[in-house]
Amino acid sequence: MAAPTKYPDELKARAVRLYRESDPKPTVRKLAAQLRVHHEALRNWIRQAEADAGERAD
Numbered sequence: 001m002a003a004p005t006k007y008p009d010e011l012k013a014r015a016v017r018l019y020r021e022s023d024p025k026p027t028v029r030k031l032a033a034q035l036r037v038h039h040e041a042l043r044n045w046i047r048q049a050e051a052d053a054g055e056r057a058d
């Protein structure tokens, strides 16, 4: 059974959008700190968004 979702979907989408639209790209740790989320959670959201968009092979 999966663990309950800790962060709302709206926050996840906003965080990924901020990362992808930023130029230059912020570090994941810095953006995560600004959003007050765990950096590994943000990293996973970014990876999943890239996979969903067909930008990642793994």
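Here the working numbering is used: the first residue of the sequence shown is 1, the next is one more, and so on.
All residues carry an ideal CB built from backbone N, CA and C; glycine is no exception.
Treat the numbers as computed from the prediction; the structure is a model and nothing was measured.
In chain order, Arg47 and Glu50 place their CB closer than 8 Å to the CB of Arg56, counting only its own chain and leaving out the 5 sequence neighbours on each side. The continuous alpha helix (DSSP H) containing Val16 extends over residues Asp9 to Glu21. Cβ-Cβ separation between Leu31 and Leu18: approximately 6 Å, consistent with a contact (criterion under 8 Å). Annotation: the continuous alpha helix (DSSP H) that includes Lys30 extends over Val28 to Leu35.
Here DSSP, grouped into helix, strand and coil, assigns Arg47 to helix.
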